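Below is one structure; the comments refer to it alone.
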Amino acid sequence: MRLFSSPLLVLTLAVLSAAEAAAQRPLKVYISADMEGVAGVVSAEQLGPTGFEYGRFREFMTAEVLAAIEGARAAGATEFVVSDSHGNGQNLLIERLPADVTVIRSWPRPLGMMEGIDSTFHAAILLGYHAGTTNPAGVRAHTLSSANYAAVELNGRPVPEAGLSAAIAGHFGVPVVMISGDDVAVEEARGLLGAVETVPVKRAISFHSAATMTPERAQQVIRERARAAVARRAELTPHRIASPVRLDLTFKSYRPAEMLAYLPIVERTTAHAIRYAGRDILEVARFLAFVGGYEVGLTP
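Residue 3 is where the sequence shown starts when you use the numbering used here, and the numbers rise one by one after that.
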């Protein structure tokens, strides 16, 4: 009897082998975590070390990241990189995260809020994001710097941080599958990215006011939507922008525009604005990291 001559047996073994290979194949998810869009956040009192509620809200931010990881794992995710992308980049309580998670912390970083992403990832999740600086609504709406920038545009279109992050992910062929934040932020992102999963954890009332879910409820919904988002990853298209990429950056003060225009790669377009052209979004990201991070007295 020739056991392996049966076509049905050969087909069965091939199917089992393919299933086993698929089960062992990594499914990588990148999570970029900001803080302004975390449930309950409304003011600086929750957002930095000097705020009386900051310690508690670091815990809530960490819990939302954990919820996203748990949901993504339920959909088959096996590897995670988490970018601490708020303020000083040292907000997440990293001892609370699973042992197999890699965490990106502090600054500067060439790819900013998306440092560490590459073409090996299958999906990106944007947690705790907020609306852009040109949006008249949204809790703590700004793009990259609430103190310095009045507008950030790519190829002539205003972009929030979600747009920048999605463009960097899209450069590597990685789709953003979910975003959480206030209702203004998630609708703004949906306008850019299409039918991604959204988690509006609060409704913006004003720059410093919101009607918010409780942390427990927000974490529950994030967990559910992250699972759905990762499961839908094949349906969603990476957000790509045409190269070369033109960056128009408008400052709230005139002096940064004046000084940056000393660089031959920078054009001053108005008293408060400059233009920079990068070969791709990665060059633009590095330029933004330079503009936001360089100080003449940097040490060591």
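Ideal Cβ placement from N, Cα and C applies to all residues, glycine included.
Remember, it's a predicted structure, so these values are computed and weren't measured experimentally.
{"Check": "Within a Cβ cutoff of 8 Å, which residues of the same chain sit near residue 137, ignoring the five residues on either side of it in sequence?", "Outcome": "143, 162, 186, 190"}
{"Check": "What residue does the alpha helix (DSSP H) around residue 232 start on, and which one ends it?", "Outcome": "217–233"}
{"Check": "Tell me, please, which residues DSSP counts as bridged to residue 180.", "Outcome": "127, 199"}
{"Check": "Provide the residue(s) that pair with residue 212 in DSSP beta bridges, ordered along the chain.", "Outcome": "206"}
{"Check": "When you compare the CB positions of residue 116 and residue 170, do they come within less than 8 Å of one another, or not?", "Outcome": "yes"}
{"Check": "Could you check what DSSP says for residue 291 in three-state terms: helix, strand or coil?", "Outcome": "helix"}
{"Check": "Alpha carbons only, please: which of 147, 281, 112, 149 is nearest the one belonging to residue 287?", "Outcome": "112"}
{"Check": "Within its chain, find whatever has a CB closer than 7 Å to the CB of residue 235; leave out the 5 residues flanking it on each side and keep chain order.", "Outcome": "124, 125, 177, 179"}
{"Check": "Kindly list the residues whose CB is nearer than 6 Å to the CB of residue 38, restricted to its own chain and excluding five residues on each side of it in sequence; keep chain order.", "Outcome": "132, 142"}
{"Check": "Can at least three beta-carbon pairs, one atom from the region 239–249 and one from the region 151–160, be found at a separation below 8 Å?", "Outcome": "yes"}
{"Check": "Which term fits residue 94, buried or exposed, when burial requires 16 or more other beta carbons within 10 angstroms of its beta carbon?", "Outcome": "buried"}
{"Check": "Given a threshold of 16 other Cβ atoms within 10 Å of its Cβ, counted over all protein chains shown, does residue 92 qualify as buried or as exposed?", "Outcome": "exposed"}
{"Check": "Assuming residue 87 and residue 35 are in contact, meaning their beta carbons sit under 8 Å apart, how far apart are those beta carbons, in whole angstroms?", "Outcome": "6 Å"}
{"Check": "Mapping the DSSP letters down to three states, classify residue 120 as helix, strand or coil.", "Outcome": "coil"}
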